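This report concerns only the one structure given below.
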Amino acid sequence: MPSDQLIFTVTATVLVVIGLGSMAYSRNLIKTVMAFQAIVFGANLALFSSGLGSYSSYMSQTFVLFSILVGASVEAVALAIIVVIHRKYGTLNPWEIRKLKH
Amino acid sequence: MWLLTVMEIEFTAAMICLAADYGRKCYAKWRPYVVGSIATGSLIISLVYLLYYRWTYNETSSVSLRPTTSTFASLYIINEYTIFVIFTAFVVGIAVSIYSWKYLSQDDNVGPFFSLLILLLTSVVGVVSAGDFLSLFLFWEAMSISAYGLVAFYKESSQISLEASLKYIFLAGAGSLLALYGISLVYSITGSIDLSSLGSLLETNTEVGVFALIIIMLGFGVEAAIFPLHTWLPDVYSAAPLPVSAVLSGIVTETGVFVLLKIIQPLSAVTTATNVNTLLKLSSTEEIQGILAVLAILTMFIGNLGGYVQTNVKRILSFSSIAQMGYMIAALSTFSVLGIVAVVFMIWNHGISKSGFFLMSGLNGKNYEDSELDNLQGLGQKNKVVGIMFASNSLAMVGSPPFGMFWAELLIVEALIAASSTFFFAVAVIVVLNIFLSLGYYLRIINRVALNAPDRPQENMPKSNFSLGLLIPPLLLIALSLLTGIFPYLLLDHLIL
Amino acid sequence: MIYAAWLIWAVPIISVPFIPLIGMVSQRGRNWFAVLASALTAFIGFYLAASFSSGMTESSIIWLPIFKVPVQVLVDGTSVLLAAFISFLSFLIVLYSVGYMKGEKGQSRYYSLILLFVGAMLGLVMAGNLIQLYFFWEIVGICSAFLIAFWYDKPEARRAGLKAFVVTRFGDIALFIAVLIVLANLKTTNYASIFSAIGSKPFGTNTVLLVGILLLIGAMGKSAQVPLHVWLPDAMEGPTPVSALIHAATMVNAGVYLVIRMFPLFSYSSTLLVLVTIVGLTSMIFGAACAVVSEDLKRILAYSTISQLGIMFASIGVGTTLGATATYHLISQGLFKALAFLAAGSVITATGSRNVEELGGLRKSMKYTYIGFLFAMLAMSGVPPLIGFWSKDWIVSTALTSNVVAAILIALSSVLTTIYSFRALFKVFYGKSKLPNEPKESSTVMIVPIMTLVVSVTVGWLVLDYQRLVPFNITIDPLTIGMSLAAIASGIGIVYVAFSSRTAQTQSLMGRNAPLIALRKYLLEGLGFDKFYGFLYSRIVLPLAKTSSYLESGWLGVNMGLMLASVLLIIFLVALKVI
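Structural data, given as structure tokens:
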């Protein structure tokens, strides 16, 4: 891979890993959503950078457009559910939201 | 273009369902029935159209449809596997929507429920017929979002479905983003997003290619309950409303496995896979096969063993689903045509049996606690038909004749043995042992529900609802399973090239 | 004649849905409909046996399209003979059930399950390829499990039924793998193709050995051989006609039938034959030993069945007659064991007790039952000229020519057989009656089958033109006759001495001898097999299950942590060039 594509891909991987880690560790659901967005950014960055190589970038740009759209919708749904959870459970800490009996 | 026609019908029906939700005061008591019949009607029309298309065109090879001629047009591939899975999806969908007529009461959000259900099934049609990664990803996300919404339907008395939906969003969302990341790597290597170009992936730059494929499989495998990523399944299946659990287990999780199948199909035709420069000195296809097989074995054991300590029927069924997905992935890992046919047939059988089972466990009530084994105990003595249904569906899930799952498991184990290597023979023995292990919790269900007597007096037991609308869909699904078991050639003939 | 081969298993299965329907209208109508269906089946069976001339296989529609496995029937001497035998016996037992199950609730379920069972068993025997055999094999297992658990209000019955299902299923999965190996290697499963391909490339020695062992495990599960025998004694919780039909005469013979049918495969390797013999001899001795100490009448008969099946397996292993001796003993064992069970059922209904220590002196009050049981025990011990004598001594004679040790062991086990059968006879029918009131003789509908079986046990060896169907002559050499008569005499002698003298010395001898008491306790518990299986379950399966369910902790963080861990693992493995 040419070097700029390599840098972008490595950054994207780091973003994805950081996002996953923050999702695991966070104590506030809003932070979880933000970490989720970090993963979205990472994936989109990787997608976009795949066009920088020897293949055309038109396809990857189109893909990125659609992917951003999808990421936004998923985040909207997630936030909607978080609003209702806050109303019902009273807390935004995922470690306290545990009514499901095991 | 029958595919687009089907989608248009469904979208229209979804909009009508949403619109029909207004005017609550007018026909409040009949609302679930009216909206439900619109939904069911549209599904039946689509199913009939699908069968008409199948019988008149009788295509036996894959058909590519490009709606426009530009290079950005998306590609749809329709072959006999696709048609089979779409058929399964519609059958399960019809059964679930008939069930929902009686399940939803008049003050639930009936309109959004049915329209989300229709959108879910439409996206499933899109996913299974997608031919390139872009349309696959778009329909996959559409399916996931509909599923997130459906799971989150909650009642005032219990909000556990919200928490389950949250976990589902985060896990499955992260999964599809991982898959997206893998797709980007694939594009940077092969330069095309067609699924059929995956074959060339393993013939050139193999290390990054193998890595990309594994990430894609892990990503789509979240939905398909592969081992480290299966943890959402018991919570979501048990906390979601019953029709939603039925459709999730009946078609959505199987779609995950089907996407894995679509990825594996071009890989299985690779003849000159180069060796990867690694410690294990395997060829790249063998590596992926090995990883898939190992993950499948772990999935099976987790699923089957986990069912032994559960006390709630819905959780038992979800663990069983994890295990059945494990069987399917094990068959896929052989990369052979027989494996693919076995998996598609298993999708049909597992879909109808498992969703029928979920629909049946709702006879006591809608809450999570109502399907505890203690509460379900003695149901068979209250109503003989229900007892027979529980017993026969449990037998079907274990894989005994004369039900259809017997042939599906036969084909799966056969695919593993026919791969004629000691590794796959060991996997086959493990699969068969797991089928034996799954007896343990299914027999407990038969024992407590169908055979046993209630151990509390009548007043302390929850009141069961044996209305016809709730009993007919599972009965229909069991009858279909019996039919498949006694006459397997009726369906299998359509799967052969 | 070919229509008969299809009809014989189609008729019972098709009549199954009618039973509940007719039962909703009239109870007596349903009972007599069941009798009619089984009578029709028996008639077809006899017609088939009488008009049999040469073996053939006929196929019909393709059942499993990918491998082109058709629905086939195989008509040859063994299958025709067994079909006639099974249908005859099931007719008698359905007739008996009309009287035995009078007044029970759930009779529709009972008759439909029995007819389904009969149809599946006949389908198994007439099956022309292995996949069809396995299909019916499993259905037979399911019917048997639900019939054992027929009185589902009793927890022991439920446990026993499900235990039967689990143990036989374990054998079934071994059979499953064997069938699939054959299918994968040979692309077909009908018997002729299998036998002609033995030894050649895709089905070489190692594969044949593997397939043979797996088939043997499957047969062991169904036929209750050690160590998969644990379900049969508990299966006695079911109604007695069920025990008579399924667990004495038909289903447990399915395993033996499988080994007989696949005999060319087994005879290819001498290791396999030796294994079959060892399995048979072990079960024979074990079953007989446990039967000697049992106190429950039906358990004695159950252990005795295990023992007799062991004799059948041993006879396949040592015999040079391609399993014909086993088939003959199968039929004779089926006849006299069914007779014993029917008589025992009659005793149980009349007195309400199953414990031989509580019974006694029924010889005068239940004359016909006594005659039935007497003839069954005589046949079981091998007293000439009943049919048991011919079958057992033929086995010993053929064994003498090839494997003398086995022959002597079988002859020795006849001593044990005689001991437990006459012990049961004496304890139940002789002596003083310990019961509060005088039991009545059973109804006619129950006596007729018993008497029919008495007649068949006595003269069956004359009527059965075995030579025509299975081309082997029944030859018994005088040494065998001498050995068996000696065994019978010594057995009866021991029993007579032990029970009629009742001297204080023997009582105290038995009471103070610690090894004997421990042995007796072990045998009563079935030599600890049940405990072993329970240990396997609680110590190995359950802790693993708890571990597995801990993974589904439900915390979002843990789930995401797992995903993170797997991604990192993959990245590291790729970076370090392991993958």
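Chains as they are written, first to last, in the working numbering: chain P, 88 to 189; chain G, 37 to 533; chain F, 878 to 1456. Beta carbons: idealized from backbone N, C-alpha and C, even for Gly. All figures in this text were calculated on a predicted structure; none of them were measured in a lab.
**OP:** Enumerate in chain order the residues of its own chain whose CB-to-CB distance from F:Q949 is below 8 Å, with the five nearest sequence positions on each side excluded.
**Re:** Closer than 8 Å at the Cβ level, and outside the excluded window around F:Q949, lie T934, E935, S936, S937, A1004, G1005, N1006, Q1009 and N1067.
**OP:** Could you tell me whether the Cβ atoms of F:V1059 and F:I1075 are closer together than 8 Å?
**Re:** Contact check for F:V1059 against F:I1075 fails: the beta carbons are separated by 8 Å or more.
Original post:
Applying a beta-carbon distance threshold of less than 9 Å, which residues of chain G neighbour P:Q92?
Top reply: Going along chain G in sequence order, the residues near P:Q92 (Cβ under 9 Å) are S224.
Original post:
If you drop the 5 nearest sequence neighbours on each side, which residues of the same chain put their C-beta closer than 6 Å to that of G:S517?
Top reply: Same-chain partners within the cutoff: I388, S389, A432, F439 and G440.
Original post:
Taking Cβ positions only, does F:V1451 come closer than 8 Å to chain P?
Top reply: With 8 Å as the cut-off, F:V1451 does not count as an interface residue toward chain P.
Original post:
Does the region 205-213 of chain G come close enough to the region 254-261 of chain G that 3 or more CB-CB pairs lie under 8 Å?
Top reply: The region 254-261 of chain G is in contact with the region 205-213 of chain G.
**OP:** Return helix, strand or coil for F:A1381, following the three-state DSSP convention.
**Re:** At F:A1381, the pLDDT of 49 sits below 50, so the modelled position is not reliable and the matter cannot be decided from this model.
Subject >> Residue from F:G1200, F:K1214, F:V995 and F:F929 whose Cα sits closest to the Cα of F:S1333 >> reply: F:K1214 is the residue among F:G1200, F:K1214, F:V995 and F:F929 whose C-alpha sits nearest the C-alpha of F:S1333.
Original post:
Closer than 8 Å, CB to CB, is G:S430 near chain F or not?
Top reply: G:S430 does not count as touching chain F.
Original post:
Thinking C-beta only, is F:S1144 closer than 8 Å to F:L1152?
Top reply: When the beta-carbon positions are compared, F:L1152 and F:S1144 stay at least 8 Å from each other.
Subject >> Range of the contiguous beta strand (DSSP E) that encloses F:A949 >> reply: Per the sequence presented here, residue 949 of chain F reads as Gln, with Ala not at that position. From DSSP, the beta strand (DSSP E) with F:Q949 extends over V946 to V952.
**OP:** Leaving out five residues on either side along the sequence, give the residues of the same chain with a beta carbon under 7 Å from the beta carbon of F:L1168.
**Re:** It is worth fixing the name first, because residue 1168 of chain F is Ala in this sequence and not Leu. Cβ within range, chain order: I1177, Y1180, S1181, S1184 and Y1297.
Original post:
What's the C-alpha gap between G:F247 and P:Q124?
Top reply: So the two alpha carbons sit approximately 23 Å from each other.
Subject >> Within 8 Å, strictly: CB atoms of F:I1025 and F:A1096 >> reply: Going by C-beta atoms, F:I1025 is not nearer than 8 Å to F:A1096.
Subject >> Closest Cα partner of F:F1140 within the set F:V1107, F:G1048, F:G1164 and F:A1201 >> reply: Here the closest residue by C-alpha is F:A1201.
Original post:
Under the rule that 16 or more other beta-carbon atoms within 10 Å means buried, what is G:S97, buried or exposed?
Top reply: Residue placement at G:S97 is poorly supported in this model, since its pLDDT is 47, which falls under 50; the coordinates still yield a value, given next. G:S97 should be labelled exposed.
Original post:
Is it a yes or a no for the region 1019-1037 of chain F touching the region 975-994 of chain F, going by three-plus beta-carbon pairs under 8 Å?
Top reply: Yes: at least three Cβ pairs fall under 8 Å.
Original post:
Should the region 179-193 of chain G be called in touch with the region 89-106 of chain P, which here means at least 3 C-beta pairs below 8 Å?
Top reply: Segments in contact, no.
Subject >> Extent of the continuous alpha helix (DSSP H) run through G:T520 >> reply: Annotation for G:T520: the continuous alpha helix (DSSP H) segment containing it runs L504 to I522.
Original post:
By Cβ distance below 7 Å, which residues in the same chain neighbour F:A960 in space, the five residues on each side in sequence not counted?
Top reply: Answer for F:A960: I885, G922, L925, L999, V1002 and M1003, listed in chain order.
Original post:
Is G:P279 close to chain F, meaning its C-beta is less than 8 Å from at least one C-beta of that chain?
Top reply: For G:P279, the answer is no, since every Cβ of chain F falls outside 8 Å of its Cβ.
Original post:
Between which two residues does the alpha helix (DSSP H) harbouring G:I333 extend?
Top reply: Boundaries of the alpha helix (DSSP H) harbouring G:I333: S320 to G342, taken from the DSSP string.
Original post:
Going along chain F, which residues have a C-beta under 9 Å from G:F206?
Top reply: Within 9 Å Cβ-Cβ: L1433, N1436 and M1437.
Original post:
Of all Cβ atoms in chain F, is any one closer than 8 Å to the Cβ of G:V377?
Top reply: Closer than 8 Å to some Cβ of chain F, the Cβ of G:V377 qualifies, so yes.
Subject >> 9 Å Cβ cut-off: residues of chain F touching P:V104 >> reply: What P:V104 touches in chain F: L1441, V1444, L1445 and I1448.
Original post:
Is it true that the CB of G:S182 sits closer than 8 Å to the CB of G:L207?
Top reply: No, they are not a contact pair.
**OP:** Could you please tell me which residues of the region 164-178 of chain P, in chain order, have their CB closer than 9 Å to any CB of chain F?
**Re:** Flagged: no residues at all.
Subject >> 8 Å Cβ cutoff, P:G129 in contact with chain F >> reply: No, P:G129 does not count as interfacial toward chain F.
**OP:** Report back the beta-carbon spacing between F:F1190 and F:G1157 to the nearest angstrom; my notes put them in contact at under 8 Å.
**Re:** About 3 Å separates the two Cβ atoms, so the contact holds.
Original post:
In whole angstroms, what is the alpha-carbon distance linking G:Q417 and F:P897?
Top reply: The alpha-carbon atoms of G:Q417 and F:P897 are separated by roughly 17 Å.
Original post:
So, does the CB of P:V161 fall closer than 8 Å to a CB anywhere in chain G?
Top reply: Output row for P:V161: interface = yes.
**OP:** Show which residues of chain G have a CB atom less than 8 Å away from the CB atom of F:I1054.
**Re:** Simply V449, I453, A464, V465 and V468.
Original post:
Any chance the region 72-81 of chain G sits against the region 124-142 of chain G, with 3 or more Cβ pairs inside 8 Å?
Top reply: Taking 8 Å as the limit for Cβ pairs, the verdict is that the region 124-142 of chain G does touch the region 72-81 of chain G.
Original post:
Does the beta carbon of P:L132 sit closer than 8 Å to a beta carbon anywhere in chain F?
Top reply: No - not a single Cβ of chain F is within 8 Å of the one on P:L132.
**OP:** Show which residues of chain F have a CB atom less than 7 Å away from the CB atom of G:I471.
**Re:** Those within 7 Å of G:I471 in chain F are I1050.
Subject >> Residue burial classification, P:L166 (beta-carbon count within 10 angstroms, cutoff 16) >> reply: P:L166 comes out exposed.
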